[in-house]
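In terms of the working numbering, the sequence shown is residues 3 to 403. Backbone N, C-alpha and C define an ideal beta-carbon position, used for all residues, glycine too. Notes for the one structure printed next.
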Amino acid sequence: MYLKKILSRLAMIPALVCGSTLASAVFANPIPQDMPQFVVDFENYIAETVAPEVPGAALVVIANGKVQVLKGYGVREVGGSDLVTPDTVFRLASVSKTIASTAAAVLVQGQQIGWDATLYDTLKDVRFKNAAYGKQVTLQDVLAHTSGLIPHAYTNLIEDNVPYSDVVQRLKTVDFSCAPKACYGYQNVVFSLAGDMIQARSGETYEDFVGKHLFAPLGMTNASFGIDALQASPNHTTPHVLRQGKWQSVKVNQNYYNIAPAAGANASINDMAKWLMAQMGYRPDVLAATTLDQLHSKIIRNAVARSHYGQQPATVKTWYGLGWRVFDVGAYQNFVHHGGWVQGFRAEMVFNRELDIGMVFLTNAETRLARDVIFQFVNSYALDRQQEQQLPEQMITQSAR
Numbered sequence: 003m004y005l006k007k008i009l010s011r012l013a014m015i016p017a018l019v020c021g022s023t024l025a026s027a028v029f030a031n032p033i034p035q036d037m038p039q040f041v042v043d044f045e046n047y048i049a050e051t052v053a054p055e056v057p058g059a060a061l062v063v064i065a066n067g068k069v070q071v072l073k074g075y076g077v078r079e080v081g082g083s084d085l086v087t088p089d090t091v092f093r094l095a096s097v098s099k100t101i102a103s104t105a106a107a108v109l110v111q112g113q114q115i116g117w118d119a120t121l122y123d124t125l126k127d128v129r130f131k132n133a134a135y136g137k138q139v140t141l142q143d144v145l146a147h148t149s150g151l152i153p154h155a156y157t158n159l160i161e162d163n164v165p166y167s168d169v170v171q172r173l174k175t176v177d178f179s180c181a182p183k184a185c186y187g188y189q190n191v192v193f194s195l196a197g198d199m200i201q202a203r204s205g206e207t208y209e210d211f212v213g214k215h216l217f218a219p220l221g222m223t224n225a226s227f228g229i230d231a232l233q234a235s236p237n238h239t240t241p242h243v244l245r246q247g248k249w250q251s252v253k254v255n256q257n258y259y260n261i262a263p264a265a266g267a268n269a270s271i272n273d274m275a276k277w278l279m280a281q282m283g284y285r286p287d288v289l290a291a292t293t294l295d296q297l298h299s300k301i302i303r304n305a306v307a308r309s310h311y312g313q314q315p316a317t318v319k320t321w322y323g324l325g326w327r328v329f330d331v332g333a334y335q336n337f338v339h340h341g342g343w344v345q346g347f348r349a350e351m352v353f354n355r356e357l358d359i360g361m362v363f364l365t366n367a368e369t370r371l372a373r374d375v376i377f378q379f380v381n382s383y384a385l386d387r388q389q390e391q392q393l394p395e396q397m398i399t400q401s402a403r
């Protein structure tokens, strides 16, 4: 287990980029002289354990208000020679949900909509089988997965490439599994109704609103939506799936691009560094602290297994906020996270505003190692703190499996 390896390193400074075991070149920003030890350990884990197992990847780590690591690993397509750089564009998959919720928060911040705005009042063409429950579903419910509708309502139709507008019309046939706000049920189609609400209240398309109010002011110059934008980028990755033990490139699948708020965004790790800084509170000109508090709040409790975290001890508690997962690990509270997975791509983003740490990991491969990255980051920090303060070992998580 890599935790033992981390422990063995706490007493020494390991080699950084030049000491990596990667066979391919690594594109990286200059290394800060005061890089925290846990960042050193975590980057070594990515470089030595994760990156060699995938065609390409990219990583940003922020600590103490600084970008500590910003780099690409490997290649954009297996068998090719184009290397992943900090400006290489990946699909974000469900990390796109964090953009949608933040866009809604910008509208709330500007008093153009409230979290309690209902779907029925905002979108006249959206109706549900149970009208009494349907009238209660709010913007907050859509973003927190507390609509009460059965989980993953018509995600299967999105996977079959049925147009989003047609799928929305079929929502009138979906049953509720509980009253709104009473239970957690992850959604993709229903979540994307937030984009329709943003368009209805702002008068702009969802994509234009995000571009104007988030991507542009944050300087996310390579961020975009849709398959055309991805493929138009001269520096974009190709998706890969594992077949007969080898990574094989495949065509980009259009289906989840049909629901832009839930899974349709693209970005480079440079873009995600700026997104991470904004979510950690370093861009109050765009996102006020009170807005971030709302986004990262613990709205509905859910099971660890339903957060896709694998086997974890009882010290790990999980919730869903507004487009974000939130979890506690023992005395460490309020880690904010979201992951994404579409064919050939994985993405993971996790941070803690109180601890002033965060990271984003992107890869052009469907690897389960992406899930491990979340808690390896937490573990690296916890072990470093334990070494400094002799904290109880129970605060450290198990590696995700």
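{"query": "Ser-251 to Ser-309, Cα distance in whole Å?", "result": "28 angstroms"}
{"query": "Which term fits Thr-411, buried or exposed, when burial requires 16 or more other beta carbons within 10 angstroms of its beta carbon?", "result": "With the chain covering 3 to 403 only, the question about residue 411 has no answer from this structure."}
{"query": "Nearest by alpha-carbon distance to Val-139: which of His-154, Ala-181, Phe-347 is it?", "result": "Ala-181"}
{"query": "What are the boundary residues of the beta strand (DSSP E) that Lys-68 is part of?", "result": "68-76"}
{"query": "Short check: CB of Pro-263 to CB of Tyr-186, under 8 angstroms?", "result": "no"}
{"query": "Do Ile-160 and Tyr-258 have their C-beta atoms within less than 8 angstroms of each other?", "result": "yes"}
{"query": "Please check if any C-beta of chain C sits within less than 8 angstroms of the C-beta of Gly-81.", "result": "Judged by its chain identifiers, the structure shown contains no chain C, having just a single protein chain."}
{"query": "Which same chain residues end up closer than 8 angstroms to Val-77 when comparing Cβ atoms and leaving out the 5 residues on each side of it in sequence?", "result": "Ser-26, Pro-57, Gly-58, Ser-83, Asp-84, Leu-85, Val-86"}
{"query": "Pull up the DSSP beta-bridge partners for Thr-87, would you.", "result": "Partner(s): none; Thr-87 has no beta bridge."}
{"query": "With 16 as the cutoff for other CB atoms within 10 Å, does Ser-167 come out buried or exposed?", "result": "exposed"}
{"query": "Given this structure, state the Cα-to-Cα distance separating Ala-291 from Arg-245, to the nearest angstrom.", "result": "46 angstroms"}
{"query": "Ignore the nearest five residues each way along the sequence and tell me which others in Trp-321's own chain have a CB closer than 8 angstroms to its CB.", "result": "Lys-300, Ile-301, Ile-302, Arg-303, Asn-304, Arg-327, Val-328, Phe-329"}
{"query": "Which residues does DSSP list as the beta-bridge partners of Glu-350?", "result": "Gly-341, Phe-363"}
{"query": "May I ask you to list the residues that DSSP assigns as paired with Tyr-334?", "result": "Val-331"}
{"query": "Can you name, in chain order, every residue of its own chain whose Cβ lies under 7 angstroms from the Cβ of Asp-143, other than the five neighbours on each side?", "result": "Ser-149, Pro-182, Lys-183"}
{"query": "Output the residue ranges of the alpha helix (DSSP H) runs that lie fully inside the region 178-215 and measure 4 residues or longer, sorted by chain position.", "result": "191-204, 208-212"}
{"query": "Between Leu-141 and Met-199, which are expected to be in contact by the criterion C-beta below 8 angstroms, what is the C-beta distance as a whole number of angstroms?", "result": "6 angstroms"}
{"query": "According to the neighbour-count rule (16 or more other Cβ atoms, all chains shown, within 10 Å of its Cβ), is Ala-349 buried or exposed?", "result": "buried"}
{"query": "Express the C-alpha separation of Gly-325 and Ser-204 in angstroms, rounding to a whole number.", "result": "20 angstroms"}
{"query": "Mark Val-91 as exposed unless 16 or more other C-beta atoms lie within 10 angstroms of its C-beta, in which case mark it buried.", "result": "buried"}
{"query": "Is Thr-292 near the ligand FAD - that is, is its Cβ less than 7 angstroms away from at least one heavy atom of it?", "result": "In terms of ligand content, the structure shown is empty, and the ligand FAD therefore cannot be addressed."}
{"query": "At the level of alpha carbons, what is the spacing between Gly-67 and Ala-60?", "result": "20 angstroms"}
{"query": "Enumerate in chain order the residues of its own chain whose CB-to-CB distance from Tyr-122 is below 8 angstroms, with the five nearest sequence positions on each side excluded.", "result": "Val-128, Arg-129, Gly-136, Lys-137, Val-139"}
{"query": "Gln-250 by DSSP, collapsed to three states: which one?", "result": "strand"}
{"query": "Do Val-212 and Ile-48 have their CB atoms nearer than 8 angstroms?", "result": "no"}
{"query": "What's the C-alpha gap between Gln-233 and Arg-93?", "result": "11 angstroms"}
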